[in-house]
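One structure is given here, and the rest of the page talks about it.
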Amino acid sequence: MKTSRIPLVLVLSALGLSACGGGGNEQSASEEPLADETTQASIDYAIWNAEQQPPLQKVIDAFNGTYPNIDVQIQVTPYEQYFTKLQTQGSSQTLPDVFTMNSLNFETYAENGLLAPLTPLVEDGQLDPSNYPQALIDSYTFDDTLLGVPQNSQTIAMWYNEQLFAEAGVDTPTSDWTWDDLRTAARTISDELGDEGVFGIATDLTGQQAYYNTILQAGGYILSDDKETSGFDDPASIEGLQFWTDLIAEGASPSVRQLADTPAPQMFNSGRAAMMFNGAWSVAEVQDSPVADVADIAALPQGEERGVVVAGTAAVVSRASEELPAARAFQAFLGSQEGQEILAGEGLGNPAFLESQQVFVDSAPQYNIEAFTDASEYASPYPTSGDTTAWNLLETELLPSAFSGDRPVADVAGELASRMNDLLAAEAD
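With our numbering, the residue at position 397 of the sequence shown is 398, and numbering never jumps.
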């Protein structure tokens with residue numbers, strides 16, 4: 002997926018806005034009208050996942066219990082075309098009233114002044130940012146202005162197979178496991194069960210699922226807070242990358258090629274891996290797999306510190322919406338405890354609203370789902386900049402040679418940081 006870059010001058014001049022996150026010409030938040038039960042309007046709500054349409058219709062039905070005269074029409078566009086379509090709509094002032102946003106593309110729409118601030122909802126008490134993980138609030142804040150209501154919380158935890166641990170004579174993971182504990186267990190299981198085609202650990206080598214987390218655990222960083230400098234060449238970040246290279250070199254993990262041929266979830270769910278880092282979205286997959294009855298979840302092991310990235314979508318409102326009060330009312334309901342508990346009850350994963358996460362926990366009581374929900378307490382926002390996709394592609398290009406051992410990790414990290422810094426500098430121009 003490519004980040005959509007909208008020409009800033011074109012969009013802002015079309016909307017009559019100034020180039021600032023808060024929106025220079027916007028009236029005072031306290032003066033903006035908000036919807037009530039008498040408000041009559043028809044609004045569009047754009048999403049990319051067709052499977053979510055029936056659960057979201059239940060949210061709309063509940064919303065109409067309070068706002069009976071606001072008609073909400075869902076528009077579904079496949080993910081592959083979703084942001085291309087939004088780019089066109091943004092340039093022509095025809096964005097949907099409410100639409101789903103991800104952190105990868107958020108900054109483009111925020112810096113172009115296309116999103117309505119949530120300030121009126123916060124001031125009116127309809128939205129309390131403290132009800133959501135701080136990392137997700139940070140992900141959808143631009144120039145100190147909150148622009149999106151978090152919808153879900155996708156943290157990472159570690160699945161493990163109790164049966165394989167028992168067969169290898171290894172104690173199962175605990176909440177205070179360290180990197181050393183994981184390494185020892187993974188090596189032992191691979192040594193004991195390798196002849197049966199079993200690896201100690203298998204994890205897809207992506208940033209979100211694997212190395213962003215271990216970089217944070219080592220005390221490193223991916224992107225500086227001002228989004229101007231890469232952290233990949235920081236010594237601690239290199240250590241976080243080396244973690245995966247070492248597991249592969251020791252035979253405790255499948256090789257880069259093996260993981261490309263057989264993704265980690267397929268290995269774990271078929272009993273060919275004893276451990277796997279994966280996100281909250283994986284619960285349903287494991288529940289339906291052959292290892293469902295022997296699987297459980299633990300927090301990610303600690304390095305120098307605890308660390309995990311969190312990502313999640315948000316509901317945003319077009320600043321050019323002709324039905325702004327109605328759109329904001331629906332945005333607030335999508336982020337409410339009631340709205341998010343409906344979605345969680347329909348199996349849509351871990352809600353962002355903290356008090357609603359118990360519904361997710363209760364959805365699979367046989368597993369330690371709290372490993373996902375508790376991670377919100379120490380999670381860091383998924384790293385993004387104005388054109389995240391550009392340097393994500395560098396990761397995909399360069400890091401496999403480090404993980405495979407074809408090149409020293411420090412050399413690859415240095416090249417990645419240098420080229421990423423060039424891209425970040427270009428963003429600032």
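Virtual Cβ for every residue (Gly too), placed ideally from N, Cα, C.
Check                                                                                                                                                                : Outcome
Just the Cα atoms here: how many angstroms apart are ALA187 and SER176?                                                                                              : 17 angstroms
If you measure between the beta carbons of GLN358 and PRO366, is that distance less than 7 angstroms?                                                                : no
Once the 5 residues before and after VAL257 are set aside, which same chain residues still bring their CB inside 6 angstroms of it?                                  : PRO401, PHE404 and SER405
Is the number of C-beta pairs between the segment 342 to 356 and the segment 87 to 100 that are closer than 8 angstroms three or more?                               : no
Give the DSSP-derived three-state secondary structure of GLY126 in the structure shown.                                                                              : coil
Can you look up PRO8 in the DSSP assignment and give me helix, strand or coil?                                                                                       : Because the pLDDT at PRO8 is just 45, under 50, the model does not fix this residue reliably, and the point stays unresolved.
Helix, strand or coil for ALA275 per DSSP?                                                                                                                           : coil
If you compare alpha carbons, which of PHE244, ALA253, THR230 and ASP297 is closest to GLN303?                                                                       : PHE244
Report all residues from its chain with a CB closer than 6 angstroms to the CB of LYS228; omit the five preceding and five following residues, and keep chain order. : SER386
Under the rule that 16 or more other beta-carbon atoms within 10 Å means buried, what is ASP226, buried or exposed?                                                  : exposed
Can we say the segment 251 to 268 touches the segment 197 to 213, given the rule of at least three CB pairs closer than 8 angstroms?                                 : yes
For TRP160, name the three-state secondary structure that DSSP assigns.                                                                                              : strand
Can you name the residues that DSSP bridges to VAL317?                                                                                                               : PHE100
Could you check what DSSP says for ALA353 in three-state terms: helix, strand or coil?                                                                               : coil
Just reading off the beta strand (DSSP E) that SER419 is part of, what are its end residues?                                                                         : Not the beta strand (DSSP E): SER419 falls in the alpha helix (DSSP H), residues 410 to 429.
By Cβ distance, which residues of its chain are closer than 6 angstroms to ALA328, with the 5 residues on each side in sequence left out?                            : ILE44, ASP98, VAL99, VAL318 and SER322
Determine the burial state of THR179: buried for a count of at least 16 other Cβ atoms within 10 Å of its Cβ, exposed for fewer.                                     : exposed
Counting only the same chain and skipping the five closest in sequence on each side, list residues whose C-beta sits under 6 angstroms from that of GLY415.          : ASP234
Whole angstroms is fine: what's the gap from GLN76's alpha carbon to SER154's?                                                                                       : 23 angstroms
Quick check on DSSP: helix, strand or coil for PHE361?                                                                                                               : helix
Could you check whether LEU335 and ASN132 sit closer than 7 angstroms to each other, using their CB atoms as the reference points?                                   : no
Among LEU137, ASP182, VAL199 and PHE143, which has the Cα closest to the Cα of ASN162?                                                                               : VAL199
DSSP three-state call for THR173: helix, strand or coil?                                                                                                             : coil
Could you check the C-alpha separation between MET421 and GLN210 for me, to the nearest Å?                                                                           : 20 angstroms
By the three-class DSSP mapping on this structure, what secondary structure does THR374 have?                                                                        : helix
Applying the 10 Å Cβ sphere with the 16-neighbour rule, what's the burial state of GLY24?                                                                            : Low per-residue confidence applies at GLY24: pLDDT is 42, beneath 50, and the placement is therefore not dependable, though the value from the model is reported in the following sentence. Result: buried.
How far does the alpha helix (DSSP H) with SER92 in it extend, from its first residue to its last?                                                                   : 80 to 92
If I measure Cβ to Cβ from ALA380 and keep anything under 7 angstroms in the same chain, skipping five residues before and after, which residues do I get?           : PRO134, ALA136, THR156, VAL309, VAL310 and VAL311
What number of angstroms, rounded off, separates the C-alpha of ASP388 from the C-alpha of GLU428?                                                                   : 7 angstroms
Where does PHE200 sit, in a helix, a strand or coil, going by DSSP?                                                                                                  : strand
On the DSSP letters alone, give me the boundaries of the beta strand (DSSP E) that ILE71 sits inside.                                                                : 71 to 77
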